[in-house]
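Below is one structure, written out as structure tokens; comments come after it.
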Amino acid sequence: MARFNLLQTINTVVSTGIVPVFYHKDPEVAKNVLKSCYEGGIRVFEFTNRGDFAHEVFSELSRFAATECPELVLGIGSVVEPATAALYMQLGANFVVGPCFNPDIAKTCNRRGVPYIPGCGSVSEISDAQEAGCVICKIFPAGNVGGPSFVKNIKAPLPWAMIMATGAVEPTEENLKKWFEAGVVCVGMGSKLFPKESIQEKKWDEISRLCANTLSIISSNFTK
13 MARFNLLQTI
23 NTVVSTGIVP
33 VFYHKDPEVA
43 KNVLKSCYEG
53 GIRVFEFTNR
63 GDFAHEVFSE
73 LSRFAATECP
83 ELVLGIGSVV
93 EPATAALYMQ
103 LGANFVVGPC
113 FNPDIAKTCN
123 RRGVPYIPGC
133 GSVSEISDAQ
143 EAGCVICKIF
153 PAGNVGGPSF
163 VKNIKAPLPW
173 AMIMATGAVE
183 PTEENLKKWF
193 EAGVVCVGMG
203 SKLFPKESIQ
213 EKKWDEISRL
223 CANTLSIISS
233 NFTK
């Protein structure tokens with residue numbers, strides 16, 4: 013079951029400003045990456061449902077986070093049907109993210125008070141997701157659906173929209189400035205936060221430094 017309620021989760025996502033997105037089949041690697049992010053100041057983390065037995069890895073990660081990273085809000089990503097959402101919520105997911113919008117997932121998450129952040133690529137999809145109770149909508153793949161200008165144009169007719177951009181986001185001031193000035197409340201970031209060399213060589217401190225630097229850029233330059 014979720015350790016954080018809906019408001020706590022939404023507030024943490026927005027206040028952190030960045031949602032690391034990661035998957036690895038080895039639970040120990042996943043734990044080290046999670047801990048590295050936490051030590052770098054990250055307080056929200058999305059593990060993705062992208063491999064065989066991913067739910068078993070998540071189960072270990074959820075238990076690990078509860079004891080070793082008590083303030084961390086752990087969620088699950090790459091969810092496309094309600095059964096999978098229900099499984100991960102039972103294992104402790106505090107939020108559910110998807111590459112697309114599925115209204116049945118929204119119903120499943122709403123029943124448990126767990127935020128559902130669906131992937132959307134148009135104003136209509138965002139509006140439909142909002143109607144289904146989605147507080148934050150993810151534009152995905154953000155770089156392909158129009159980039160920061162797409163966000164800016166969405167915010168004109170839908171100024172209340174809370175948007176997370178995932179895809180084509182980089183941990184640099186130049187890149188982050190474009191997204192936050194366009195109006196996003198947070199960004200999702202994967203491989204750019206987790207260099208392959210750092211993971212292969214188990215240089216967990218490098219991931220911590222990269223997370224801390226990214227958080228510093230966001231908190232020092234952009235208000236939400």
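Under our numbering, the letters of the sequence shown match residues 13 to 236, in that order.
Built from N, CA and C at the ideal position, the CB exists for glycine as well.
Exercise. How far does the alpha helix (DSSP H) with Lys190 in it reach, from first residue to last?
Worked result: Your numbering for residue 190 matches position 178 in the sequence shown. It spans Glu185 to Ala194 - the alpha helix (DSSP H) in which Lys190 sits, taken as one unbroken run.
Problem set entry | For Gly158, the three-state DSSP class (helix, strand or coil) | Residue 158 sits at position 146 when you count from the first residue of the sequence shown. Note: Gly158 maps to coil in three-state DSSP.
For this session: Determine the extent of the beta strand (DSSP E) in which Pro32 is found, giving its start and end residues.
Result: Mapped onto the sequence shown, residue 32 falls at position 20. Run containing Pro32: Ile30 to Phe34, per the beta strand (DSSP E) assignment.
Exercise. In the structure shown, what three-state DSSP assignment does Ala14 receive?
Worked result: Indexing the sequence shown from 1 puts residue 14 at position 2. If DSSP states are grouped into helix, strand and coil, Ala14 belongs with coil.
Exercise. Leu86: buried (16+ other C-beta within 10 angstroms of its C-beta) or exposed?
Worked result: For the purposes of this step, residue 86 is taken as the residue at position 74 of the sequence shown. Leu86 is buried by the Cβ-count criterion.
Exercise. Nearest CA to the CA of Tyr128: which residue from Asn225, Ile219, Ala98 and Ser74?
Worked result: Start at 1 with the first residue of the sequence shown, and residue 128 comes out as number 116. With distances taken between Cα atoms, Tyr128 lies closest to Ala98.
For this session: Could you spell out where the beta strand (DSSP E) holding Leu222 opens and where it closes?
Result: Numbered from its first residue, the sequence shown carries residue 222 at position 210. Per DSSP, Leu222 belongs to no beta strand (DSSP E); it is in the alpha helix (DSSP H), Trp216 to Asn233.
For this session: State buried or exposed for Asn233, treating a residue as buried only when at least 16 other CB atoms are found within 10 Å of its CB.
Result: Sequence index remark: in the sequence shown, residue 233 carries index 221 (1-based). Exposed.
For this session: Going by CA-CA distance only, name the one from Ala42, Gly179, Asn165 and Arg75 that's closest to Phe59.
Result: Residue numbering aside, residue 59 sits at position 47 when the sequence shown is read from its first letter. Of the candidates Ala42, Gly179, Asn165 and Arg75, the one whose C-alpha sits nearest the C-alpha of Phe59 is Ala42.
Problem set entry | Length of the line joining the Cα atoms of Pro39 and Arg62 | What you label residue 39 is simply residue 27 of the sequence shown in a count that begins at 1. What you label residue 62 is simply residue 50 of the sequence shown in a count that begins at 1. Rounded to the nearest angstrom, the two C-alpha atoms are 14 Å apart.
Problem set entry | Rounded straight-line distance, which links the Cα of Leu170 to that of Arg221 | Taking the sequence shown and counting its residues from 1, one reaches residue 221 at position 209. Taking the sequence shown and counting its residues from 1, one reaches residue 170 at position 158. Between Arg221 and Leu170, the C-alpha separation is close to 36 Å.
Problem set entry | Contact check, Val56 vs Thr21, beta carbons under 9 Å | Along the sequence shown, read from residue 1 onward, the residue named residue 56 stands at position 44. Along the sequence shown, read from residue 1 onward, the residue named residue 21 stands at position 9. Contact: yes.
For this session: Sort Thr24, Asn17 and Lys37 by Cα distance to Cys198 and report the nearest one.
Result: Position 186 of the sequence shown, counting from 1, holds the residue named residue 198. Measuring from the Cα of Cys198, the nearest candidate turns out to be Thr24.
Problem set entry | Contact belief for Ile148 with Gly133 at Cβ below 8 Å, rounded distance in angstroms | Within the sequence shown, numbered from 1, the residue matching residue 148 stands at position 136. Within the sequence shown, numbered from 1, the residue matching residue 133 stands at position 121. Ile148 to Gly133, Cβ: 15 Å. No contact.
Problem set entry | Close-in-space but distant-in-sequence residues of the same chain around Phe76 (CB under 6 Å, 5 per side omitted) | In the sequence shown, counting from the first residue as 1, residue 76 sits at position 64. Result list for Phe76: Lys43, in chain order.
Problem set entry | C-alpha distance - Val196 paired with Thr184, whole-angstrom precision | What you label residue 196 is simply residue 184 of the sequence shown in a count that begins at 1. What you label residue 184 is simply residue 172 of the sequence shown in a count that begins at 1. If you take the alpha carbons of Val196 and Thr184, they lie about 16 Å apart.
Exercise. Who are the near neighbours of Asp64 in its chain, counting only those whose CB is closer than 8 Å to its CB and skipping five residues on each side?
Worked result: Counted from its first residue, the sequence shown places residue 64 at position 52. Lys37, listed in sequence order.
For this session: Less than 8 Å between the CB atoms is what I'm expecting for Cys112 and Val92, so what's the real figure, rounded?
Result: The residue labelled residue 112 in the question sits at position 100 within the sequence shown. The residue labelled residue 92 in the question sits at position 80 within the sequence shown. Cys112 to Val92, Cβ: 6 Å. Contact.
Problem set entry | Cut-off 8 Å between Cβ atoms - residues of its own chain near Ile54, not counting five sequence neighbours on either side | Counted from its first residue, the sequence shown places residue 54 at position 42. Only Thr28, Ile30, Pro32, Leu84, Cys223 and Leu227 meet the Cβ criterion.
Exercise. Alpha helix (DSSP H) containing Phe65: first to last residue?
Worked result: As a working mapping, residue 65 is identified with position 53 in the sequence shown. Looking at the DSSP string, Phe65 is not in any alpha helix (DSSP H), and its letter there is neither H nor E.
Problem set entry | Under the three-state DSSP convention, the category Cys121 falls into | Along the sequence shown, read from residue 1 onward, the residue named residue 121 stands at position 109. Three-state DSSP puts Cys121 in a helix.
Problem set entry | Rounded C-alpha distance that separates Lys5 from Ala173 | Here the chain comprises residues numbered 13 to 236, so residue 5 is not present and cannot be evaluated.
Exercise. Rounded to the nearest angstrom, how far is the Cβ of Cys49 from that of Ile219, given a contact under 8 Å?
Worked result: Locating residue 49 in the sequence shown gives position 37, where the first residue counts as 1. Locating residue 219 in the sequence shown gives position 207, where the first residue counts as 1. Confirmed, Cβ separation roughly 7 Å.
For this session: Can you tell me which of the three DSSP states Val91 falls into?
Result: Here residue 91 corresponds to residue number 79 of the sequence shown, with the count starting at 1. Three-state DSSP puts Val91 in coil, outside helix and strand.
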